[in-house]
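Numbering (the working numbering), first residue to last: 2 to 147. Contents: one structure, followed by commentary.
Shown next as structure tokens:
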């Protein structure tokens, strides 16, 4: 079993030259970043762990008096979020480090993506509006035969 600790320059996306990643049995990427609310946050991703079935999604963590603590993921459903008031949704967005802007459904979509760890920027609401021609995409044209 090998453990490799590397220093990754701020803003860099590469971890190494490819050789170290190949030789290591496990790679855990610790990341420090600023969320949409300009709050410093930490998360880890298990990039590689030979012989195990591991999570592919990021996990938030803190370092406090108890040591290195991985935070439990929040679980929400679209239905439970629909029943909440906007101030309650704003509080959830703040906890998750995402923007509070937009209408209720847009905020719910962003919360669900953040909880799932999805990096996807397209929401079903946006796709539906784009398909109906209600949302213009810069440089895109709708076919004349539709």
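For each residue, glycine too, the CB sits at the ideal point set by N, CA and C.
Helix, strand or coil at residue i [DSSP, three-state]
i	result
residue 111	helix
residue 41	strand
residue 105	helix
Sheet register partners of residue i (DSSP bridge)
i	result
residue 49	28
residue 67	None; residue 67 has no bridge partner.
residue 148	Because the chain spans 2 through 147 in this model, residue 148 falls outside it and cannot be assessed.
residue 61	44
Extent of the continuous alpha helix (DSSP H) run through residue i
i	result
residue 92	87-97
residue 37	Unbroken run through residue 37: none, as it is neither H nor E.
residue 82	79-83
Rounded Cβ spacing between residue i and residue j (contact assumed at less than 8 Å)
i	j	result
residue 105	residue 90	7 Å
residue 30	residue 48	5 Å
residue 77	residue 113	7 Å
residue 37	residue 99	5 Å
Distance, residue j Cα to residue i Cα
i	j	result
residue 123	residue 24	Confidence is the limiting factor: at residue 123 the pLDDT is only 33, short of 50, which leaves the residue's position unreliable, though a coordinate-based value still follows. About 37 Å.
residue 69	residue 44	11 Å
residue 107	residue 79	11 Å
residue 81	residue 13	38 Å
residue 129	residue 65	The pLDDT assigned to residue 129 is 43, lower than 50, so where the model puts this residue is not dependable; a value taken from the coordinates is nonetheless given after this. C-alpha separation (whole angstroms): 44 Å.
residue 87	residue 53	41 Å
residue 19	residue 26	13 Å
residue 11	residue 32	9 Å
residue 115	residue 71	16 Å
residue 28	residue 22	7 Å
residue 96	residue 51	33 Å
residue 84	residue 75	17 Å
residue 92	residue 34	20 Å
Contact with chain B by residue i, beta-carbon distance below 7 Å
i	result
residue 88	No chain B appears in the structure shown, which is made up of a single protein chain.
Residue i: CB within 6 Å of a non-hydrogen atom of the ligand PLP
i	result
residue 54	Absence of the ligand PLP from the depicted structure is noted, as is the absence of any ligand whatsoever, leaving it without description.
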